[in-house]
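Quick notes on the structure that follows.
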Amino acid sequence: MKAIVSALMALILTAYGHAQIPSVGWTRSLGSGYSDAGHFIHQLPDKSFFLAATSNSADGQLGNTSGPANGEVVFIGLDSLGQMQWGNRIGDLGLVQIMHGAVMPDGNFVFAGSIYDAGQVIIDSWGDEDLWIVKVTPAGSVIWERFYAGLVDQNDQGIHVAARPDGGCFVSGFRGQNDWEAWVIALDSAGTELWENTYGGSSIDIGQSIIATADGGALLAGWTGSSDGDVSTPLYGQYDGWLVKLDANGDIEWDRTYGGSAVDQFHDIRGLSGGDYLVLGTSNSSDGDLPQNHGNWDVWLMRVDATGAIIWSRSYGGSLPDSPSDIIPYQGNYLIAGSTTSSDGDVSVCYDVLVNQAPYGGGDGWLLLVNPNGDLLWEKSVGGSDGDLLYALAPTDDGFVATGISMSADHFVPGNVAYQDIWTVRFNGKSTLLSGTLYVDADNDTSISVGDPRIGGRLVELSNNAELALSEPSGHYEFAVNGPAQHTITGPTIAHFTQEPATHSPSITGNETAVSGLDFRYTAMVPAQDLQVFLTPVSAFRPGFPVRYDVLCRNVGTTSVGADLSLALDDGLDFDSASIAPGSINGSMLTWALGPLLPLQNIQLAVYCTQSIGDTLGSPVTTTAEITPIAGDLVPGDNTVTTNNWVTGSFDPNDILVEPTEILVSTLADAVLDYTIRFQNTGTDTAFTVAVENHLPANAYLPSFELIDASHPLALTYYDFDHKMRFQLDNILLPDNNVNELMSHGFVRYRIRPRTDLLVGDSIRNTAAIFFDLNAPVITNSARTAIITTPDITAADAVAQMHLMPNPAADHVLLSVEEDLVGGLLQMRDASGRVVFQEKILSTRQTFDLSRLADGHYLLMVRADGAAHWCKLIKQTR
Numbered sequence: 010m011k012a013i014v015s016a017l018m019a020l021i022l023t024a025y026g027h028a029q030i031p032s033v034g035w036t037r038s039l040g041s042g043y044s045d046a047g048h049f050i051h052q053l054p055d056k057s058f059f060l061a062a063t064s065n066s067a068d069g070q071l072g073n074t075s076g077p078a079n080g081e082v083v084f085i086g087l088d089s090l091g092q093m094q095w096g097n098r099i100g101d102l103g104l105v106q107i108m109h110g111a112v113m114p115d116g117n118f119v120f121a122g123s124i125y126d127a128g129q130v131i132i133d134s135w136g137d138e139d140l141w142i143v144k145v146t147p148a149g150s151v152i153w154e155r156f157y158a159g160l161v162d163q164n165d166q167g168i169h170v171a172a173r174p175d176g177g178c179f180v181s182g183f184r185g186q187n188d189w190e191a192w193v194i195a196l197d198s199a200g201t202e203l204w205e206n207t208y209g210g211s212s213i214d215i216g217q218s219i220i221a222t223a224d225g226g227a228l229l230a231g232w233t234g235s236s237d238g239d240v241s242t243p244l245y246g247q248y249d250g251w252l253v254k255l256d257a258n259g260d261i262e263w264d265r266t267y268g269g270s271a272v273d274q275f276h277d278i279r280g281l282s283g284g285d286y287l288v289l290g291t292s293n294s295s296d297g298d299l300p301q302n303h304g305n306w307d308v309w310l311m312r313v314d315a316t317g318a319i320i321w322s323r324s325y326g327g328s329l330p331d332s333p334s335d336i337i338p339y340q341g342n343y344l345i346a347g348s349t350t351s352s353d354g355d356v357s358v359c360y361d362v363l364v365n366q367a368p369y370g371g372g373d374g375w376l377l378l379v380n381p382n383g384d385l386l387w388e389k390s391v392g393g394s395d396g397d398l399l400y401a402l403a404p405t406d407d408g409f410v411a412t413g414i415s416m417s418a419d420h421f422v423p424g425n426v427a428y429q430d431i432w433t434v435r436f437n438g439k440s441t442l443l444s445g446t447l448y449v450d451a452d453n454d455t456s457i458s459v460g461d462p463r464i465g466g467r468l469v470e471l472s473n474n475a476e477l478a479l480s481e482p483s484g485h486y487e488f489a490v491n492g493p494a495q496h497t498i499t500g501p502t503i504a505h506f507t508q509e510p511a512t513h514s515p516s517i518t519g520n521e522t523a524v525s526g527l528d529f530r531y532t533a534m535v536p537a538q539d540l541q542v543f544l545t546p547v548s549a550f551r552p553g554f555p556v557r558y559d560v561l562c563r564n565v566g567t568t569s570v571g572a573d574l575s576l577a578l579d580d581g582l583d584f585d586s587a588s589i590a591p592g593s594i595n596g597s598m599l600t601w602a603l604g605p606l607l608p609l610q611n612i613q614l615a616v617y618c619t620q621s622i623g624d625t626l627g628s629p630v631t632t633t634a635e636i637t638p639i640a641g642d643l644v645p646g647d648n649t650v651t652t653n654n655w656v657t658g659s660f661d662p663n664d665i666l667v668e669p670t671e672i673l674v675s676t677l678a679d680a681v682l683d684y685t686i687r688f689q690n691t692g693t694d695t696a697f698t699v700a701v702e703n704h705l706p707a708n709a710y711l712p713s714f715e716l717i718d719a720s721h722p723l724a725l726t727y728y729d730f731d732h733k734m735r736f737q738l739d740n741i742l743l744p745d746n747n748v749n750e751l752m753s754h755g756f757v758r759y760r761i762r763p764r765t766d767l768l769v770g771d772s773i774r775n776t777a778a779i780f781f782d783l784n785a786p787v788i789t790n791s792a793r794t795a796i797i798t799t800p801d802i803t804a805a806d807a808v809a810q811m812h813l814m815p816n817p818a819a820d821h822v823l824l825s826v827e828e829d830l831v832g833g834l835l836q837m838r839d840a841s842g843r844v845v846f847q848e849k850i851l852s853t854r855q856t857f858d859l860s861r862l863a864d865g866h867y868l869l870m871v872r873a874d875g876a877a878h879w880c881k882l883i884k885q886t887r
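Residue 10 is where the sequence shown starts when you use this note's numbering, and the numbers rise one by one after that.
As structure tokens, this is what we get:
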């Protein structure tokens with residue numbers, strides 16, 4: 010027999026997300042009715058944030074509305090946690106947008122962009138798309154506005170702002186219609202023009218960025234397609250990067266072109282101590298001044314001296330287009346923000362939806378940290394399944410923050426308000442990486458050996474920072490931390506295994522780059538027999554339709570056990586096939602000889618049936634799975650499982666189920682929440698990728714998370730900043746229900762413990778979001794588990810609604826109920842609150858088989874007509 014086998018808790022995991030350094034502190038999406046974009050952000054002295062954005066929908070969601078609905082600028086105040094506090098829109102003069110902003114020496118801000126009046130009569134504006142400059146306070150109030158235009162019917166735009174030492178500013182951009190000219194304007198602090206000038210030749214010339222120089226002049230960075238006029242050096246390709254040194258009056262002191270034989274452009278420039286400059290751009294050349302090309306548009310970074318001579322030149326990227334937007338100093342190095350559509354080369358991960366193993370979305374935000382020599386220290390992609398870009402960076406008191414746009418609603422993006430949102434992410438700077446491995450020391454040699462099973466898919470706890478990290482299929486986990494501090498790391502608890510050590514407590518000075526070897530070794534406590542079986546109905550039970558069960562058999566004990574599986578199908582189900590053929594079929598009873606199940610071994614199989622076309626809606630469907638031997642099992646209660654369902658007509662194909670729905674407060678310490686999230690492709694074409702995102706319940710003990718089962722191979726990623734688990738099912742080619750109804754279904758299933766400090770009246774709620782390729786998420790129902798007190802058994806018996814005979818009982822018990830309880834649902838719960846039996850009451854006198862239950866106390870509850878009736882049963886074998 011061919012079985013699906015995997016290591017402990019790693020079940021069917023494949024790949025994981027990239028290490029989170031630096032770690033995400035929070036992420037926010039803000040938006041109005043259509044399209045919005047963040048272009049500037051700055052942290053204020055009180056640790057709040059000033060955000061500047063362009064908004065194309067004046068519906069009031071981002072602040073007061075005073076202008077047209079098709080283009081405004083909005084200034085937004087965020088608190089230290091990224092929550093919006095206020096918003097102020099401007100743009101009543103016409104359609105406006107900003108491209109860049111800068112902090113002025115007086116603490117206010119100057120922004121540059123463009124304004125288009127759409128035919129309105131506007132004082133000081135020439136009626137076309139004009140270059141626009143505005144100065145505002147940290148409260149978003151306008152201090153002054155200025156408009157600059159070239160000839161009629163031309164497009165003029167401000168692209169970059171740089172503060173001047175005298176309190177004024179430089180603004181760079183372009184002027185023109187077809188053959189644009191680079192344009193620079195110098196203003197004093199009151200907005201009075203000091204000088205303005207254009208630069209270029211007979212082709213396109215763009216002033217993309219500018220920086221003030223120590224001599225009162227400026228260095229302009231942009232790109233050119235000219236080889237005449239003000240462009241004094243040869244053109245290497247179609248467009249070249251272009252540096253122009255200006256004196257205090259705006260006159261050219263020198264200029265130089267840079268690039269290769271293709272297209273190369275500069276986007277930003279930063280001054281360095283000693284008089285050198287870092288120039289950031291994009292390139293698709295692989296010759297000339299470019300050291301290499303990774304296959305398409307690359308991020309390009311050059312260091313030049315005060316005369317423009319190249320000190321070094323580097324390119325970064327993958328085989329698909331990558332582009333930069335901003336660069337800032339960070340921790341003695343330089344941080345670059347931009348976007349990437351790659352998933353290779355220098356780009357380690359892509360969060361876009363994959364179709365045939367290729368990214369299908371619009372790209373991710375991309376961060377790169379390089380040292381002063383241009384060496385890549387780390388890179389990080391952030392984003393979701395659709396298009397995401399980072400436009401601007403700013404340092405914070407403990408890291409940095411980035412803003413841009415997002416069209417996603419998953420991964421690092423908390424949701425999507427409209428088509429395109431303002432997306433802001435705060436990152437916490439971390440100095441040291443702590444890492445280790447979770448493993449089972451199978452050969453008891455006190456060290457990790459090749460044959461030792463690794464423990465994946467479990468959460469490790471960093472108690473000092475209240476953080477969690479998910480172990481990879483290799484057992485590897487890691488935390489990014491700061492020092493000096495002593496940190497405490499705790500591994501997950503695994504039944505029947507001893508964890509060594511109980512905790513790790515590394516002391517960090519803050520100077521260490523990494524501390525590894527913080528391993529957790531698990532060894533068998535004593536020989537323990539513990540088999541488990543899980544039975545998951547994957548699809549609904551409809552007359553005449555196919556039905557699928559998923560059966561998972563696990564040996565979570567410490568000894569090998571020769572195991573057998575039996576499956577007793579409901580009489581209304583006709584067996585069709587199974588992924589592993591049963592050894593015997595006797596009516597509705599199927600059996601499999603599983604053979605020796607090794608410790609930590611899993612066997613998963615699918616069983617396909619057809620629901621009888623003659624069954625009426627509401628008919629019960631009861632199927633039982635049992636793994637043997639039961640004798641000698643330490644937890645015999647999980648060797649047998651019964652699912653009780655009903656024949657249905659219409660149903661919700663995307664839902665979340667929880668068991669139990671009620672927990673006695675006295676049993677919280679032993680209770681377990683079992684969640685199943687089901688999905689179905691009800692579209693009109695194959696779904697290549699399905700993902701489920703689930704914010705783990707706030708009232709659950711998160712380190713107890715354990716993946717149980719899934720319909721398809723998946724990858725787990727945990728986002729600690731949002732306490733969110735993502736189940737990623739890539740390239741599963743899920744057919745739509747019109748083509749293959751049976752195989753259009755899928756599920757994921759996990760368990761987690763409730764917090765033990767919950768009180769009567771508390772509830773545990775859980776909702777999931779299901780993503781089919783690039784479609785908007787399907788939000789499930791809310792699964793709810795209530796915390797209840799021990800019911801008044803005497804009061805229930807006193808009204809003679811329910812009666813058990815005998816009680817205590819051995820193998821069978823007779824339940825007598827009054828007529829008004831017939832048709833109600835009977836549930837039997839063990840001492841931990843787990844439902845061990847569930848069936849519909851069909852008559853006033855009904856006998857139930859108790860032979861599979863362990864001795865102990867049980868609670869029987871019947872729900873009918875909105876009321877619940879209780880009685881207690883004692884199972885006692887003679």
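All C-beta atoms in this analysis are idealised placements derived from N, C-alpha and C, irrespective of residue type, glycine included.
Check	Outcome
Go through the stretch 625-702 residue by residue and report every complete run of the beta strand (DSSP E) that reaches 3 residues or more, in order.	629-637, 649-655, 664-668, 671-673 and 682-689
To the nearest angstrom, how far is the alpha carbon of G238 from that of Y208?	8 Å
What is the rounded straight-line gap between the Cα of L90 and the Cα of A148?	18 Å
L830 by DSSP, collapsed to three states: which one?	helix
Under the rule that 16 or more other beta-carbon atoms within 10 Å means buried, what is D397, buried or exposed?	buried
Measure from the alpha carbon of D355 to the alpha carbon of each residue in F179, L377, Y343 and N654, then state which is nearest.	L377
DSSP state of L244, grouped into three classes?	coil
Using the C-alpha atoms, what's the distance from T693 back to V748?	9 Å
For F550, which three-state DSSP category applies?	coil
F156 and D137: beta carbons closer than 7 Å?	no
Between the C-alpha atoms of P800 and V681, what's the straight-line distance to the nearest angstrom?	The pLDDT assigned to P800 is 49, lower than 50, so where the model puts this residue is not dependable; a value taken from the coordinates is nonetheless given after this. Whole-angstrom Cα-Cα distance: 20 Å.
Just to confirm, are L39 and F58 a CB contact at a threshold of 7 Å?	no
Assign S41 to one of three DSSP states: helix, strand, or coil.	coil
Under 8 Å Cβ to Cβ from S270, same chain only, skipping five residues before and after it: list those, please.	Y245, G246, S294, D296 and G297
V112: which of Q94, V180, Q163 and A46 sits nearest, CA to CA?	V180
Can S569 and G519 be called in contact, C-beta distance under 7 Å?	no
Looking at V193 and V119, is the spacing between their C-beta atoms short of 7 Å?	no
Rounded to a whole number of angstroms, what is the C-alpha to C-alpha distance between L660 and E668?	The question names Leu, yet the displayed sequence has Phe at residue 660. Roughly 19 Å between the two C-alpha positions.
Take P330 and list the residues in its own chain whose beta-carbon comes closer than 7 Å to its own, dropping the five residues that flank it on each side.	N305, W306 and T350
Can you tell me whether S753 is helix, strand or coil according to DSSP?	helix
In angstroms, rounded to a whole number, what distance separates the CA positions of L869 and S483?	44 Å
I'd like the list of long-range same chain contacts for E750, defined as Cβ closer than 7 Å, with 5 residues on each side in sequence excluded.	F554 and P555
Helix, strand or coil, according to DSSP, for D277 in the structure here?	strand
How big is the Cα-Cα spacing for S41 and F84?	13 Å
Quick check on the DSSP output: the beta strand (DSSP E) that includes W95 runs from which residue to which?	M93 to I99
Given this structure, state the Cα-to-Cα distance separating F736 from A700, to the nearest angstrom.	6 Å
With C-beta atoms as the reference, is I517 less than 7 Å away from A494?	yes
DSSP on F421, reduced to helix/strand/coil?	coil
For W309, list the residues DSSP reports as bridge partners.	G290 and S324
With which residues is Y558 paired in a DSSP beta bridge?	P546 and V616
With a Cβ-Cβ cutoff of 7 Å, do L574 and L603 count as a contact?	yes
If T652 and L544 are in contact, beta carbons under 8 Å, what's the gap, nearest whole angstrom?	5 Å
Name the two residues that bound the continuous beta strand (DSSP E) containing T441.	T441 to V449
From G833 to I850, what does the alpha carbon distance come to, in whole angstroms?	5 Å
Count the other CB atoms within 10 Å of the CB of V535; is the residue buried (16 or more) or exposed (fewer)?	exposed
Here's the rule I'm using: 16 or more other beta-carbon atoms within 10 Å means buried, otherwise exposed. How should D277 be labelled?	buried
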